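These notes are about the structure you will find just below.
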């Protein structure tokens, strides 16, 4: 397994004149994982596409193994998946799996659009994670729509890949998805980023969803939605 | 990597299967028409050229922004390679159909479909609609081409057959001089070059991620 350190320095990104986030900096060595957390619309998907080389940052730069992402993907195999909605619905599920991994991922002959959301999500994840070797895994809301078995499989697979040297970047807007799985957490709130190491959140035991939620609330101040009475 | 891109675009079926089947059927009918009377070659190739305009109007950026090409764009292949393979997969069905018809006509002892004009027509319908449609929704190039033809017909007050030169089959059977052939070649080549550069430089945000 070839490891590649992922580094972002003062990265800003946006669309047209709208800036989504700025001054995002972090370093992720091989064999470690980073959780990107934030409310909907905070720029998690945008950051992950910048890391994958699909978007150019407006400022700053991202390096994977010292190279710009689009050059790095030729040397450091990357698994990137942005959710089941990105799969082309007219393709047969079995053939999609084969084109991604050159092996059988799912023995399903139906078209992707006819599958359930959870099955589509699992198909997309198994297709990108089935590649060998992987240096960098970038998954956008990967637990979305998965059932218990699928979620357990995903968590075990990610831990396995990370332990074998892959750097892992995961995003979610639900704290409990990433709790305990990451070495560091990047909070994207109101266009600004705050990087917190797992051992700075708690020095005893794993990081829990409750701890992440408390930290998230503290970082964003009094802007949370209140329950309707 | 071109091999992976080729396999990918064949799996995602850039040219809809219904259109492929239609091209195949039109080609078969054309072969029969040529076998019956070789003078029908120009008429036989016209629908193939028309279908080719629709086949090559496959579009790139819109499906890419929906995330359909993420798997390919992050697998390590260079974007210009991906773009050229996309074009190749888009134009191959129509070019194959033309090749079959030209071979059938040559077998029958005529060469209308092997002239420089016919080749220029095939080249134009295989390049310009693809290049035009790269940043636009599927079929935009074909619709724009048809729109230009209709407007030209209405504005000029001519009949459809008189403004046929705007459609590719106006060139079928013609023997072009070197300058005309070069100019038509440059139109297609510049179009392809511009489209490849567009794809290479494009940001590909996710539509539902903005």
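Residue numbers (the working numbering), protein chains in the order written: chain A, 1 to 229; chain B, 1001 to 1210. We put the beta carbon where it would ideally sit given N, CA and C, even for glycine. As the structure is a prediction and not an experimental result, all values here were calculated from the model.
The continuous alpha helix (DSSP H) containing residue 1179 of chain B extends over residues 1178-1201. At a C-beta separation below 9 Å, residue 1066 of chain B has these neighbours in chain A: 85, 86 and 88. Within 10 angstroms of the beta-carbon of residue 1070 of chain B lie 16 or more other beta-carbons, which makes it buried. Pairing residue 1005 of chain B with residue 1082 of chain B gives a Cβ-Cβ distance under 8 Å. For residue 1205 of chain B against residue 55 of chain A, the beta-carbon gap comes to about 6 Å, under 8 Å, which counts as contact. Sequence-distant partners of residue 124 of chain A (beyond 5 residues in either direction) whose C-beta falls short of 6 Å from its own C-beta, in its chain, are 81, 84 and 87. Contact between residue 1095 of chain B and residue 1058 of chain B fails: their C-beta atoms lie close to 14 Å from each other, not under 8 Å.
Under the three-state reduction of DSSP output, residue 27 of chain A falls in the strand class. Here the alpha carbons of residue 118 of chain A and residue 147 of chain A stand approximately 7 Å from one another. Residue 1073 of chain B and residue 1119 of chain B have their C-alpha atoms some 33 Å from each other. Distance between residue 1103 of chain B and residue 1024 of chain B, taken at the CA atoms: about 15 Å.
No Cβ-Cβ contact shorter than 8 Å links residue 216 of chain A with residue 67 of chain A. Annotation: residue 1014 of chain B has no Cβ neighbours in chain A at a cutoff of 8 Å; minimum Cβ distance is about 10 Å.
Neighbours of residue 1204 of chain B in chain A, taken as residues at a C-beta separation under 9 Å, are given in chain order as 49, 54 and 55. Every unbroken stretch of the alpha helix (DSSP H) spanning 4 or more residues and falling wholly within the region 30-63 of chain A is given here in chain order: 44-51.
Around the beta carbon of residue 136 of chain A, 16 or more other beta carbons lie within 10 angstroms, which makes this residue buried. Counting only Cβ-Cβ distances below 8 Å, residue 95 of chain A has contacts in chain B at 1011, in chain order. What residue 91 of chain A touches in chain B, judged by beta-carbon distance under 8 Å, is 1011, 1012 and 1013, going in chain order. Between the region 7-16 of chain A and the region 154-168 of chain A, the count of Cβ pairs shorter than 8 Å is below three; the stretches do not touch. In chain order, 99 make up the part of chain A whose C-beta sits under 8 Å from the C-beta of residue 1007 of chain B.
Listed along the chain, the chain B residues whose CB falls inside 8 Å of the CB of residue 73 of chain A are 1074, 1075 and 1076.
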